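Colleague: Just remember that my numbering sits 544 ahead of the position in the sequence shown, which is counted from 1. The C-beta atom is built at its ideal place from N, Cα and C for all residues, glycine as well. Here the structure is a predicted model, which is why all the values come from computation and not from measurement.
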Amino acid sequence: MQLINTDEPLWITPKMLLLNRAMEELEKEKQDRDEEKSRYLDEKLIPLQLSGLSLGELQNLCRELYQKIDIVDEERYDCEAKVMKHNSDIRELKLKVEDLGGKFKKPALRKVRVSADEMMRALLGSKHKGSMDLRANLKSVKKEDIKQEKVLTSEVGDWRKNVEAMSGMEGRKKMFDAAGGTQ
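(1) Going straight from the alpha carbon of residue 591 to that of residue 603, what length do you get?
(2) Any idea what DSSP makes of residue 575, helix, strand or coil?
(3) Expressed to the nearest angstrom, what Euclidean distance is found between the alpha-carbon atoms of residue 656 and residue 650?
(4) For residue 568 and residue 600, what's the separation of their Cα atoms in angstroms?
(5) Specify the secondary structure class of residue 558 as computed by DSSP and reduced to three states.
(6) In the DSSP assignment, find the unbroken alpha helix (DSSP H) run with residue 634 in it and report its ends.
(7) Under the three-state reduction of DSSP, which class applies to residue 497: helix, strand or coil?
(8) Determine the DSSP secondary structure at residue 589, reduced to helix, strand or coil.
(9) In the DSSP assignment, the alpha helix (DSSP H) including residue 654 goes from what residue to what residue?
(10) List the endpoints of the continuous alpha helix (DSSP H) containing residue 667.
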């Protein structure tokens, strides 16, 4: 009584068996296609009997073959054009499917003027009471403060003079002395 098949090694997994089976199927399909191709060519290609033909007969045979080639080329061109058209249709349909998947058409929005009170009423609903004075929370500025700021800025003077005074080593020494660097 033999429990283990000694023909196959133990390390072969089911995945490997499936891959081997798939490879065998591919080989079989390839052989079938080759047989079908050779059968088709045997039907369509009639062996030529060129021996014993005169020059005129050979020319007629060439004309017939040329006409058959033209017909086959037209069919091939038609098939290629159909394939290209179908491929472009498939691409367009794929794009349409992608566009439709998860996206909705957004309606065109109109510009609407809304006052601050209406906006607050829309946001807060019934909690909104009365009109809001948006200027109430602003800081009030007195004219005296503006005059003092103008005086301060006029005392500073021209910035170019300060830069010229502080340039070079002497300017750096003045800055160092002003900062209290010498003790």
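Modeller: So, from the listed chains and residues:
(1) Stepping through the sequence shown from its first residue, residue 591 is reached at position 47. Stepping through the sequence shown from its first residue, residue 603 is reached at position 59. So the alpha carbons of these two residues sit roughly 17 Å apart.
(2) Counting from 1 along the sequence shown, the entry for residue 575 is found at position 31. It is helical.
(3) Start at 1 with the first residue of the sequence shown, and residue 656 comes out as number 112. Start at 1 with the first residue of the sequence shown, and residue 650 comes out as number 106. Straight-line Cα distance between these residues: approximately 17 Å.
(4) Residue 568 sits at position 24 when you count from the first residue of the sequence shown. Residue 600 sits at position 56 when you count from the first residue of the sequence shown. If you take the alpha carbons of residue 568 and residue 600, they lie about 53 Å apart.
(5) Walking along the sequence shown from the start, residue 558 turns up at place 14. In this structure, residue 558 counts as helix in the three-state DSSP scheme.
(6) In the sequence shown, the residue the question calls residue 634 occupies position 90. 599–644 is the extent of the alpha helix (DSSP H) around residue 634.
(7) Lying outside 545 to 727, the shown extent of the chain, residue 497 is not represented and no answer is given.
(8) Taking the first residue of the sequence shown as 1, we reach residue 589 at position 45. Residue 589 falls in the coil class under three-state DSSP.
(9) Numbered from its first residue, the sequence shown carries residue 654 at position 110. First-last for residue 654: undefined, no H or E at that position.
(10) Residue numbering aside, residue 667 sits at position 123 when the sequence shown is read from its first letter. Run containing residue 667: 660–668, per the alpha helix (DSSP H) assignment.
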